[in-house]
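Residue numbers (our numbering), protein chains in the order written: chain A, 1 to 228; chain B, 229 to 456.
Ideal placement from N, C-alpha and C gives every residue a C-beta, glycine not left out.
Here the structure comes first, spelled out in structure tokens, and everything after it is commentary.
There are 2 protein chains.
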Amino acid sequence: MAEPKGKIDDTNSESAVPKAVVSRLSLYLRELQHLLRDSQETTSSTQLGSMLGFTDAQVRKDLAYFGQFGYPGIGYRCDELVHAIKRILGTDRDWPIALVGIGNLGRALLGYRGFGEQGFRVVAAFDSDPQKVGAVIEGVPVYAAEDLPQVVKSKGIRLAILAVPAIAAQAAADQVVQSGIEGVLNFAPMTITLPKEVRLVGVDLAIELEQLSFAVASRNPKPCDESI
Amino acid sequence: MAEPKGKIDDTNSESAVPKAVVSRLSLYLRELQHLLRDSQETTSSTQLGSMLGFTDAQVRKDLAYFGQFGYPGIGYRCDELVHAIKRILGTDRDWPIALVGIGNLGRALLGYRGFGEQGFRVVAAFDSDPQKVGAVIEGVPVYAAEDLPQVVKSKGIRLAILAVPAIAAQAAADQVVQSGIEGVLNFAPMTITLPKEVRLVGVDLAIELEQLSFAVASRNPKPCDESI
Numbered sequence: 001m002a003e004p005k006g007k008i009d010d011t012n013s014e015s016a017v018p019k020a021v022v023s024r025l026s027l028y029l030r031e032l033q034h035l036l037r038d039s040q041e042t043t044s045s046t047q048l049g050s051m052l053g054f055t056d057a058q059v060r061k062d063l064a065y066f067g068q069f070g071y072p073g074i075g076y077r078c079d080e081l082v083h084a085i086k087r088i089l090g091t092d093r094d095w096p097i098a099l100v101g102i103g104n105l106g107r108a109l110l111g112y113r114g115f116g117e118q119g120f121r122v123v124a125a126f127d128s129d130p131q132k133v134g135a136v137i138e139g140v141p142v143y144a145a146e147d148l149p150q151v152v153k154s155k156g157i158r159l160a161i162l163a164v165p166a167i168a169a170q171a172a173a174d175q176v177v178q179s180g181i182e183g184v185l186n187f188a189p190m191t192i193t194l195p196k197e198v199r200l201v202g203v204d205l206a207i208e209l210e211q212l213s214f215a216v217a218s219r220n221p222k223p224c225d226e227s228i
Numbered sequence: 229m230a231e232p233k234g235k236i237d238d239t240n241s242e243s244a245v246p247k248a249v250v251s252r253l254s255l256y257l258r259e260l261q262h263l264l265r266d267s268q269e270t271t272s273s274t275q276l277g278s279m280l281g282f283t284d285a286q287v288r289k290d291l292a293y294f295g296q297f298g299y300p301g302i303g304y305r306c307d308e309l310v311h312a313i314k315r316i317l318g319t320d321r322d323w324p325i326a327l328v329g330i331g332n333l334g335r336a337l338l339g340y341r342g343f344g345e346q347g348f349r350v351v352a353a354f355d356s357d358p359q360k361v362g363a364v365i366e367g368v369p370v371y372a373a374e375d376l377p378q379v380v381k382s383k384g385i386r387l388a389i390l391a392v393p394a395i396a397a398q399a400a401a402d403q404v405v406q407s408g409i410e411g412v413l414n415f416a417p418m419t420i421t422l423p424k425e426v427r428l429v430g431v432d433l434a435i436e437l438e439q440l441s442f443a444v445a446s447r448n449p450k451p452c453d454e455s456i
């Protein structure tokens with residue numbers, strides 16, 4: 001039986017923010033950053049919503065979980081709302097990150113510009129292959145897996161990204177937890193179990209493809225489905 | 229100004245299924261597949277919910293968008309619900325997929341077991357580098373980008389995954405659209421614009437890290453935040 005996975009609470013209880021709301025905060029942040037790049041100083045829930053296909057009511061409701069951000073007659077000040085959302089998401093501070101596993105995925109993640117754009121910085125990579133240890137990839141030094149506790153401590157690392165094969169995922173997770181990591185982003189297509197005080201977000205790339213097949217399929221039902 | 233991005237509707241209008249519900253269908257599907265592997269024949273909204281940290285009411289409400297699946301006194305039959313969810317997500321049929329871009333990310337995606345487990349099959353890869361054309365990686369042949377229209381037609385490809393650098397993303401998107409692709413999964417950290425009849429799902433891996441930093445930060449507020 002699978003264990004509960006320490007996910008962000010997705011129920012609608014008053015004490016927890018639904019996971020979907022947190023995801024939407026990231027989307028609002030991206031659009032506000034685009035607006036700022038286009039030198040737009042203020043925006044409205046209507047504009048923000050229409051850029052993303054949400055209603056203005058949805059935008060206001062999502063932001064209301066965290067406080068009051070708009071001004072009557074003005075709307076939202078883009079730079080203020082960017083700072084507020086970054087504070088909420090925790091990306092206003094520095095999160096030195098460890099990347100575990102330097103295969104194709106690990107190398108791709110070391111070169112992924114999207115992390116740096118949001119202030120995330122991978123400061124150390126780890127691999128069990130002695131051939132890779134000592135290399136510097138995209139400016140990031142590669143250490144042996146057994147050096148995790150010491151490097152995590154010396155660099156103040158709090159989050160780890162697991163980019164190892166599924167078969168190695170639980171062992172790698174146990175190692176990063178033992179080294180004092182507080183949160184794990186797991187790319188392995190595999191359920192892993194962590195102590196409940198360590199946060200886990202699992203990335204299942206097939207879910208993204210399922211969103212796409214749903215969108216295409218629901219527009220083009222199979223002929224044999226038409227009678228259902 | 230950014231264009232609306234052709235996302236799955238995330239508003240709560242009655243005509244559209246919220247995107248969050250579609251994501252949760254994928255999670256229910258994974259758990260049901262685990263239960264079937266453990267030879268469990270039936271389950272309940274309570275069990276399904278508790279495995280994922282959702283309430284039983286949430287599970288019932290999500291499934292009710294698509295029909296009536298439970299039996300009084302029995303609950304859900306796991307294999308029936310798996311088939312029903314796959315039909316809804318469109319993964320009960322074959323979706324031959326094109327992968328565009330054979331860098332580290334493209335290679336990682338060709339080897340990603342999670343796609344195959346959900347029935348997705350990458351049948352052709354494309355790259356603009358003549359050195360890579362003609363290779364076979366993880367059993368998938370690599371073609372020149374200009375062969376897209378002909379290969380898409382001959383292999384019946386309907387979905388494309390873009391794993392190209394941000395700077396090349398819009399041009400690659402235009403090429404796959406011209407070749408007749410109906411849906412695009414974009415990994416480039418870059419907003420792309422497609423004709424509205426083509427479905428687009430953007431993967432922003434920094435969003436996953438933001439979920440994690442939110443989860444860790446909201447448990448450990450910065451000392452200076454405590455007075456807010």
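Which two residues bound the contiguous beta strand (DSSP E) that contains A/L200?
-> R199 to G202
What span of residues does the beta strand (DSSP E) with B/V249 cover, start to end?
-> Segment K247 to R265 is the alpha helix (DSSP H) holding B/V249; no beta strand (DSSP E) there.
List the residues of chain A whose Cβ lies closer than 8 Å to the Cβ of B/Q346, in chain order.
-> A206, L209 and E210
Which residues in chain B sit within 8 Å of A/Y28, going by Cβ to Cβ distance?
-> The contacting residues do not exist; A/Y28 stays about 11 Å from chain B at best.
Bridge partners of B/V350, per DSSP?
-> B/I325
Comparing alpha-carbon positions, which option in A/L194, A/P72, A/E210 and A/S218 lies nearest B/G344?
-> A/E210
Cross-strand partners of B/L387 (DSSP beta bridge) = B/I325 and B/G411
Rounded separation between B/V351 and B/P369 - CA only = 8 Å
Mind the definition here: the region 327-344 of chain B touches the region 389-407 of chain B only if three or more C-beta pairs lie below 8 Å; say whether that holds.
-> yes
C-beta neighbour in chain B for A/R199, strict 9 Å = yes
Residue range of the unbroken beta strand (DSSP E) whose run includes B/A372 = V368 to A372
Contact set between A/P189 and chain B, taken where Cβ atoms lie within less than 9 Å | Y340, R341, G342, F343 and E345
Considering only the beta carbon of each residue, do A/F126 and A/I97 sit closer than 9 Å?
-> no
Would B/Y256 be called buried (16 or more neighbouring beta carbons within 10 Å of its own) or exposed?
-> buried
In the region 81-96 of chain A, which residues sit with their C-beta less than 8 Å from some C-beta in chain B, listed in chain order?
-> R87, I88, L89, G90, T91, R93 and W95
Residue-level contact to chain B via CB, A/F214, 9 Å cutoff = yes
Could you work out which residue in B/G277, B/T419 and B/S382 is closest to B/A400 when comparing CA atoms only?
-> B/T419
When the cut-off is 9 Å and only beta carbons count, does A/V152 lie next to chain B?
-> no
Can you list the residues of chain A that B/V350 reaches, using a CB-CB cut of under 8 Å?
-> The contacting residues do not exist; B/V350 stays about 10 Å from chain A at best.
Of all Cβ atoms in chain B, is any one closer than 9 Å to the Cβ of A/L185?
-> yes
Does A/P223 have its Cβ less than 9 Å from a Cβ in chain B?
-> Residue placement at A/P223 is flagged as unreliable, the pLDDT there being 46, under the threshold of 50; the coordinate-derived value follows with that caveat. No, A/P223 lies away from the interface with chain B (no Cβ there is under 9 Å from its Cβ).
Going by other Cβ atoms of all chains shown within 10 Å of its Cβ, with 16 needed for buried, is A/I181 buried or exposed?
-> buried
Would a check of beta-carbon distances place A/D10 closer than 9 Å to chain B?
-> Caution applies to A/D10, whose pLDDT of 38 falls short of 50 and renders its modelled position unreliable; the value that the coordinates give is listed next. Yes, because at least one Cβ of chain B sits closer than 9 Å to the Cβ of A/D10.
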